[in-house]
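I have placed the structure first, in the form of structure tokens, so that the comments after it can refer back to it.
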Amino acid sequence: MADALERAAPTPDVPDDAFIRVRGLRKTYQMGETLVHALAGVDLDIPRSSFTVVMGPSGSGKSTLLHLIGGLDRPTAGQIELGGQRVDTLNENELAVFRRAVIGFVFQTFNLIPSMTALENVAFPMRFAGIPRRKRRERALELLERVGLANRAFHRPSELSGGQQQRVAIARALVNDPQVILADEPTGNLDTASSNEIIEMLLDLHRAGRTVLIVTHDLRMRGLSTNTVYLLDGKLVDEDSYMELSTLTMGRGTVTS
Ligand SMILES: Nc1ncnc2c1ncn2[C@@H]1O[C@H](COP(=O)(O)OP(=O)(O)O)[C@@H](O)[C@H]1O
Ligand SMILES: [Mg+2]
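Under our numbering, the first residue of the sequence shown is numbered 140, with each subsequent residue one higher.
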């Protein structure tokens with residue numbers, strides 16, 4: 140485990156233009172008789188400390204890309220390197236250690252545990268890091284303060300607004316001080332004011348030196364990013380093709396879904 144942690148740690152000599160390096164990444168799902176190519180050969184370099192936005196219509200492979208980079212799922216083919224460390228070759232135990240040490244996930248649906256208070260939700264991931272209970276609570280409270288929710292520490296998710304729940308989720312994502320934040324449509328379920336708060340928090344994390352990778356189909360997010368990549372049908376495309384083709388793809392999606 141310690142070995143995996145060490146291997147997951149970034150090396151200082153990685154060039155800044157490729158903190159996360161993705162090569163020939165494929166993910167294929169079998170749906171009955173048909174193969175779904177969720178990712179059909181993706182090459183991508185994500186700079187360290189960047190605020191990288193991944194855009195694409197529903198079904199284009201955005202979540203799949205994030206899950207593979209974050210080690211939540213395994214590629215069918217291709218390589219993923221993070222800080223010089225291969226992610227795609229780690230075994231299950233090593234992946235768990237890697238995720239805990241290096242990655243903070245933020246999801247569209249917040250994914251908080253309903254029966255737990257905000258404090259318990261934030262403290263939860265620390266259970267597996269061997270940190271004593273009192274320390275866990277202290278750290279969780281400190282993080283809730285940072286996201287402006289110290290006064291909601293003992294509320295359950297159902298007693299919080301969507302924006303507040305997402306702030307709790309961000310606090311939880313930060314407990315192990317991850318270098319990489321992966322956010323999958325983090326504002327997809329939020330009103331404009333709450334969305335802006337969450338975006339501002341993610342931008343702060345980027346400014347503090349973390350590498351933030353955010354998936355969205357909100358075109359407004361492009362203006363805030365250090366770099367934007369466009370996914371269509373499991374492939375990266377340039378901006379012009381995206382603008383042209385996504386209208387068609389989205390149109391099709393609307394009709395069929
Ligand atoms: N577990 C799965 N089993 C089968 N097909 C899947 C699975 N996950 C995703 N897919 C398919 O892969 C494609 C990409 O999905 P996804 O990465 O979730 O796209 P996005 O996040 O851009 O909406 C879609 O066609 C989706 O239906
Ligand atoms: Mg998705």
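Backbone N, C-alpha and C fix where the C-beta goes; we use that ideal spot for every residue, glycine too. Because the structure is a prediction, the values reported are computed rather than measured.
Does the beta carbon of residue i come closer than 9 Å to any beta carbon on chain D?
i      : result
ALA332 : Going by chain labels, chain D is absent from the structure shown, which holds only one protein chain.
Report the rounded CA-to-CA distance for residue i versus residue j, giving the unit in angstroms.
i      : j      : result
ALA312 : GLU298 : 20 Å
PHE190 : LEU342 : 7 Å
HIS345 : PRO186 : 11 Å
ASP323 : ASP357 : 12 Å
ASP212 : GLY348 : 26 Å
VAL181 : ARG272 : 42 Å
SER333 : ASP227 : 35 Å
VAL175 : ILE252 : 31 Å
ASP403 : GLY200 : A query on residue 403 cannot be resolved here, the shown segment of the chain reaching from 140 to 396 and no further.
ASP379 : MET360 : 17 Å
LEU183 : PRO325 : 22 Å
LEU329 : GLU336 : 10 Å
GLN350 : VAL319 : In the sequence under discussion, the amino acid at residue 350 is Thr, which differs from the Gln named in the question. C-alpha separation (whole angstroms): 5 Å.
ASP321 : LYS374 : The displayed chain sequence assigns Leu, not Asp, to residue 321. Rounded to whole angstroms, LEU321 to LYS374 spans 19 Å at the Cα level.
PHE117 : GLY210 : With the chain running from 140 to 396 in the structure shown, residue 117 is simply not present.
GLY398 : LYS274 : A question about residue 398 goes unanswered here, because the residues of the chain that appear run from 140 up to 396.
THR397 : MET382 : In the structure as shown, the chain starts at 140 and stops at 396, and residue 397 therefore has no counterpart that could be examined.
ILE338 : THR248 : 16 Å
ASP152 : SER300 : Any reading at ASP152 is ruled out, since the residue's pLDDT is 45, under 50, leaving its predicted position unreliable.
ARG266 : SER385 : 43 Å
ARG278 : ARG160 : 32 Å
ALA157 : GLY222 : 8 Å
ASN250 : PRO296 : 10 Å
ALA179 : ILE309 : 31 Å
SER202 : GLU281 : 30 Å
ALA177 : ARG225 : 21 Å
ALA268 : GLU259 : 15 Å
GLY327 : GLU233 : 31 Å
SER188 : GLU172 : 42 Å
ALA262 : ASP372 : 38 Å
GLU231 : PRO214 : 13 Å
ALA235 : THR256 : 24 Å
TYR104 : SER254 : Since the displayed the chain opens at 140 and closes at 396, residue 104 lies outside it and no answer follows.
LEU229 : THR331 : 39 Å
ARG239 : ILE270 : 13 Å
ILE353 : MET340 : 12 Å
Going by the DSSP bridge assignment, what does residue i pair with across the sheet?
i      : result
TYR369 : MET194 and VAL376
VAL175 : TYR168
GLU220 : ARG160 and ARG225
ALA322 : VAL245 and ILE353
LEU183 : VAL161
Just checking residue i against ligand 3 - is the residue's beta carbon closer than 8 Å to any of the ligand's heavy atoms?
i      : result
GLU324 : Annotation note on ligand 3: not contained in the displayed structure, which lists ligand 1 and ligand 2 as its ligands.
*Segments assigned beta strand (DSSP E), at least 3 residues, entirely inside the stretch 231-307*: Along the length of the stretch 231-307, whole beta strand (DSSP E) runs at least 3 residues long occupy 242-246, reported in chain order.
*At a cut of 8 Å, does the stretch 207-219 reach the stretch 358-367 through at least three beta carbon pairs?*
no
*Could you tell me whether the stretch 187-200 touches the stretch 277-294, using the rule of 3 or more Cβ pairs below 8 Å?*
no
*Would you check if the stretch 298-308 and the stretch 199-211 touch, i.e. whether three or more CB-CB distances between them fall below 8 Å?*
No contact exists between the stretch 199-211 and the stretch 298-308.
*Considering only heavy atoms of ligand 1, list every residue whose Cβ is less than 5 Å from one of them, following chain order.*
TYR168, VAL175, ALA177, SER197, GLY198, SER199, GLY200, LYS201, SER202 and THR203
_Segment contact, 8 Å Cβ cut-off, at least three pairs: the stretch 154-174 with the stretch 275-286_ = With the rule of 3 Cβ pairs closer than 8 Å, the stretch 154-174 does not count as touching the stretch 275-286.
*asked:* Would the stretch 234-243 count as touching the stretch 308-322 if we require 3 or more Cβ pairs under 8 Å?
replied: Three or more beta-carbon pairs drawn from the stretch 234-243 and the stretch 308-322 are found closer than 8 Å, and the two stretches are therefore classed as touching.
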